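When the letters of the sequence shown are read in order and numbered with my numbering, they come out as residues 2 to 570. Heads up, the beta-carbon is just placed ideally off N, CA and C, and yes, glycines get one too. Since we're looking at a predicted model, the values are computed, not measured.
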Amino acid sequence: MNTRISPLAGQPPTASMLIDVAKLVAAYYSEQPDPTLAAQRVAFGTSGHRGSAFDLSFNEWHVLAITQAICDYRRDQGITGPLFLGVDTHALSAPACASALEVLAANRVDVMLAVNDEYTPTPAISHAILVYNRNRAAARADGIVVTPSHNPPRDGGFKYNPPHGGPAGQDITEQIETAANRYLEARLEGVQRLSHANALKATTTHRHDFLNAYVSDLGNVIDMEAIRAAKIRMGVDPLGGAGVHYWRAIAERYGLNLTVVNEVVDPTFRFMTLDWDGQIRMDPSSSYAMQSLIGLKDHFDIAFACDTDHDRHGIVTRNAGLLPPNHYLAVAIDYLFQHRPKWSKQAAVGKTVVSSQMIDRVTVRLGRTLFEVPVGFKWFAAGLLDGSLGFGGEESAGASFLRLDGSVWTTDKDGITSALLSSEISARMGRDPGEIYRELAREFDEPVYDRVEAPATPEQKQRLSKLSPQQVRSTDLAGEKIQSILTQAPGNGAAIGGLKVIAENGWFAARPSGTEDIYKIYAESFRGADHLQHIVAQAQAIVSAALAASTQQPEIASSSSAQLGKLEP
């Protein structure tokens, strides 16, 4: 199968590739979306609304409409506690945060902004909501995170976290999306708003020390003493993201040998190396985007990075380099469920349908229940909240897990604790997660995994989301009898927005992205790379048939370099 990896992947960007921040922010304020065009309407994917001011898909009108819709939702649901408002380092995030505050203040919502306007990681928002709501039956808090996650610098994003602290479920986002689009159609009639100066001075606008509240509590989820005593040498690259000032505070509070290798905040993200498609993307699971930290791997016992809102992680070891996310998830699960004696014996392992079956095999050996759900961390929130899930993780390098005592830590992804866990594992096991994964591979056989991505129009994505078992006409998958074809997740029966085909030693899943205009094919084989490529080819044929009515077939790109570790640039 042809791949379309950019020849610039892994290289620094040229000056011409950098966004013009002033023009982008000007477009945010001056351009108005046309709600009769689908691409310019509010659309919540698996993680909030995302878009770019240049494309009229993330402009001030979008933020004003969404925020008013959230205020309406809060009023309807009787949510009267404070709203924790956080922001990352993308160029559009600060303007969007200002717009949101203007609406929230006009609606008399008590808003908690960061002290000194500090950038705020997604897990710090989730943590703040849950700490506030602990033992509280009424006047509960919720939150908004202004971030497009690891998306390119031109993008903006807006996420809502209800009182359970995690990403809002579809039942909530559909209400907010519908109401926001009505406001767009009405040219913002009904949207309440104060000037920014008056919003800042409003009696409902308060300050909260997210950084110290989060950092001071980390010792209740990570064994910091073990890391300190073992003198683990750590390197961290915040990738210019919202946690940039958290790491030094963590090192100082817990006496850790931790070096922040890059503390630069620059909305052009010029310090990044280009991702697989030649774009700047702050993806800590991409070997192309992570070239700078990979080049420093021999300077530390272990190194790690987080994406722009710090809800995803990337782990770099001396021998393995950047660990594929599935490898680290398997190691983390294997370790946590054997080193958290206060966790419930019934606490299950959460994974998405596109994550490695190595996790399934580890879970069986641990004697735990597997909770397999569609893509989207929202599916783990309830289980993490009540402790019925000990761990929830996604193939895209997002995870969270319980506190040491078995109670909830965050119900949204937490890249900071996932990164620090790699140091705890190294300290207590005497070997790093890459070495431990090699042991798992010897025990369970070593799978090879690939993820293929390609551009897709909204129409094509809609078609792919409705793939059915009837469109799989073969009875075998790469020479093995097909055991099952899933359109619903085994753990909760929710639609996976595509399909998954499973044989004894391999599987694939095909689905449209919920955050970008691309589709993805995920595949895995326990019989080697050749078998994997046969699986991918068969999957691609099914997808191509589903898109047969399209006038142009998309080019495809394999991210197997990041997943298999065999094509490192």
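* With C-beta atoms as the reference, is residue 311 less than 7 Å away from residue 122? -> Indexing the sequence shown from 1 puts residue 311 at position 310. Indexing the sequence shown from 1 puts residue 122 at position 121. Taking 7 Å as the Cβ cut-off, residue 311 and residue 122 qualify as a contacting pair.
* Asked: Do you know offhand how far residue 561's Cα is from residue 486's?
  -> The sequence position of residue 561 within the sequence shown is 560, counting from 1. The sequence position of residue 486 within the sequence shown is 485, counting from 1. Legend: pLDDT at residue 561 = 43, less than 50; position of this residue unreliable, no value from coordinates given.
* Same chain, Cβ closer than 8 Å to residue 36, five either side skipped, listed in chain order -> Numbered from its first residue, the sequence shown carries residue 36 at position 35. Only 42, 182, 185, 186 meet the Cβ criterion.
* Asked: What does a CB cutoff of less than 8 Å around residue 334 pick up in its chain, not counting 5 residues either side in sequence?
  -> Numbered from 1 along the sequence shown, position 333 holds the residue referred to as residue 334. Excluding positions up to five away in sequence, the list reads 350, 360, 363, 364, 367, 392, 394.
* **Bridge-paired residues (DSSP) for residue 55** => Counting from one through the sequence shown, the residue named residue 55 turns up at place 54. The partner list for residue 55 (beta bridge, DSSP) is empty, contrary to what the question assumes.
* What does DSSP give as the partner residues of residue 401 in its beta bridges? -> Here residue 401 is taken as the residue at index 400 of the sequence shown, counted from 1. 393, per the DSSP bridge assignment.
* Could you please give the first and the last residue of the uninterrupted alpha helix (DSSP H) stretch that includes residue 360? => If you number the sequence shown from 1, residue 360 lands on position 359. Note, residue 360: alpha helix (DSSP H), 359 to 367.
* **Whole alpha helix (DSSP H) elements within the region 405 to 470, 4-residue minimum** => Qualifying alpha helix (DSSP H) stretches, in chain order: 416 to 430, 434 to 445, 459 to 466.
* Asked: Can you give, in chain order, each stretch of the alpha helix (DSSP H) that sits fully within the region 219 to 257 and has at least 4 residues?
  -> 225 to 231, 247 to 255
* To do: Please report how far the alpha carbon of residue 225 lies from the alpha carbon of residue 28, in whole angstroms.
  => In the sequence shown, counting from the first residue as 1, residue 225 sits at position 224. In the sequence shown, counting from the first residue as 1, residue 28 sits at position 27. Their Cα atoms are separated by approximately 45 Å.
* Asked: Rounded to the nearest angstrom, how far is the Cβ of residue 104 from that of residue 68, given a contact under 8 Å?
  -> As a working mapping, residue 104 is identified with position 103 in the sequence shown. As a working mapping, residue 68 is identified with position 67 in the sequence shown. Right, their Cβ atoms sit about 4 Å apart.
* Euclidean distance between Cα positions of residue 71 and residue 110 -> As a first step, residue 71 must be located in the sequence shown, where it is residue number 70. As a first step, residue 110 must be located in the sequence shown, where it is residue number 109. Distance between the alpha carbons of residue 71 and residue 110 is about 11 Å.
* Look at the Cβ atom of residue 12, then the Cβ atom of residue 74, and state whether they are nearer than 7 Å. => To locate residue 12, count along the sequence shown from 1; it is residue 11. To locate residue 74, count along the sequence shown from 1; it is residue 73. Their beta carbons are not under 7 Å apart, which means residue 12 does not touch residue 74 by this criterion.
* How is the beta strand (DSSP E) around residue 162 delimited, first residue to last? -> On the sequence shown, position 161 is the one that residue 162 refers to. Where residue 162 is concerned, the enclosing beta strand (DSSP E) stretches over 156 to 162.
* Asked: Unbroken beta strand (DSSP E) runs of length 3 or more, entirely within the region 39 to 120: which are they?
  -> Segments of the beta strand (DSSP E) lying fully in the region 39 to 120: 49 to 53, 84 to 88, 112 to 115.
* Asked: When you compare only the Cα positions, how much space is there between residue 61 and residue 355?
  -> Along the sequence shown, one-based indexing puts residue 61 at 60. Along the sequence shown, one-based indexing puts residue 355 at 354. Using only the alpha carbons, I get a separation of about 35 Å.
* To do: Write down the C-beta distance between residue 306 and residue 240 rounded to the nearest angstrom, noting that I regard them as a contact closer than 8 Å.
  => Taking the sequence shown and counting its residues from 1, one reaches residue 306 at position 305. Taking the sequence shown and counting its residues from 1, one reaches residue 240 at position 239. At roughly 5 Å, the Cβ-Cβ gap stays under 8 Å, so residue 306 and residue 240 are in contact.
* Tell me which same chain residues have a C-beta within less than 7 Å of the C-beta of residue 19, skipping the five on either side of it? -> Mapped onto the sequence shown, residue 19 falls at position 18. The residues are 269, 271.
* Asked: Under the rule that 16 or more other beta-carbon atoms within 10 Å means buried, what is residue 343, buried or exposed?
  -> On the sequence shown, residue 343 is found 342 positions in, with the first residue counted as 1. So residue 343 ends up on the exposed side.
* Exposed or buried, which one is residue 232 when buried takes at least 16 other CB atoms within 10 Å? -> By 1-based counting over the sequence shown, the position of residue 232 is 231. Result: exposed.
* To do: Compare the Cα-Cα distances from residue 44 to each of 179, 147, 102 and report the closest residue.
  => Here residue 44 is taken as the residue at index 43 of the sequence shown, counted from 1. Checked all of 179, 147, 102; the closest Cα to residue 44 is 179.
* Asked: Using 8 Å as the threshold, is the region 288 to 306 in touch with the region 210 to 229, meaning 3 or more CB pairs across them?
  -> no
* What number of angstroms, rounded off, separates the C-alpha of residue 542 from the C-alpha of residue 169? -> Translated into positions along the sequence shown, residue 542 becomes position 541. Translated into positions along the sequence shown, residue 169 becomes position 168. Near 34 Å, if we compare the C-alpha coordinates of residue 169 and residue 542.
* Asked: Starting from residue 262 and walking both ways along the beta strand (DSSP E), at which residues does that stretch end?
  -> The residue given as residue 262 occupies position 261 in the sequence shown. Neither: residue 262 is in no beta strand (DSSP E) and is coded neither H nor E.
* Around the C-beta of residue 553, are 16 or more other C-beta atoms found within 10 angstroms, so that it is buried, or is it exposed? -> What you label residue 553 is simply residue 552 of the sequence shown in a count that begins at 1. Only weak support exists for where residue 553 lies, its pLDDT of 47 falling under 50; the value from the coordinates is given anyway. Counting the other Cβ atoms within 10 Å of the Cβ of residue 553 gives fewer than 16, which makes it exposed.
* To do: Find the nearest neighbour of residue 499 within the set 506, 482, 471, judged by alpha-carbon distance.
  => By 1-based counting over the sequence shown, the position of residue 499 is 498. The shortest Cα separation from residue 499 among 506, 482, 471 belongs to 471.
* Asked: Buried or exposed: which applies to residue 451, given that a residue is buried once 16 or more other Cβ atoms fall within 10 Å of its Cβ?
  -> The residue given as residue 451 occupies position 450 in the sequence shown. Per the 10 Å Cβ criterion, buried.
* Name the residue from 490, 358, 102 whose alpha carbon lies nearest to the alpha carbon of residue 445. => Reading the sequence shown from its first residue, position 444 is the one you call residue 445. When only C-alpha atoms are compared, the closest one is 358.
* Please name the residue in 496, 433, 155, 536 whose C-alpha comes closest to that of residue 480. => Looking up residue 480 in the sequence shown gives position 479. Closest by alpha carbon: 536.
* Asked: The beta strand (DSSP E) with residue 305 in it runs from where to where?
  -> Here residue 305 refers to the residue found at position 304 when the sequence shown is read from its first residue. Boundaries of the beta strand (DSSP E) around residue 305: 303 to 307.
* To do: Buried or exposed for residue 199, please, with buried defined as at least 16 other CB atoms from any protein chain shown within 10 angstroms of its CB.
  => By 1-based counting over the sequence shown, the position of residue 199 is 198. Burial call: exposed.
* To do: Determine the closest residue to residue 202 out of 503, 107, 544, 457, with distance taken between C-alpha atoms.
  => In the sequence shown, counting from the first residue as 1, residue 202 sits at position 201. The shortest C-alpha separation from residue 202 is found at 107.
* Asked: Within this structure, are the beta carbons of residue 497 and residue 504 separated by less than 7 Å?
  -> Taking the sequence shown and counting its residues from 1, one reaches residue 497 at position 496. Taking the sequence shown and counting its residues from 1, one reaches residue 504 at position 503. In this structure, residue 497 sits away from residue 504, with a CB-CB distance that is not shorter than 7 Å.
* With DSSP as the reference, label residue 123 as helix, strand or coil. => Within the sequence shown, the letter at position 122 stands for residue 123. Three-state result, residue 123: helix.
* To do: Tell me, to the nearest whole angstrom, how far the beta carbon of residue 146 is from that of residue 120; I am working on the premise that it is less than 8 Å.
  => Along the sequence shown, read from residue 1 onward, the residue named residue 146 stands at position 145. Along the sequence shown, read from residue 1 onward, the residue named residue 120 stands at position 119. That belief does not hold up - the Cβ atoms of residue 146 and residue 120 are roughly 11 Å apart, past 8 Å.
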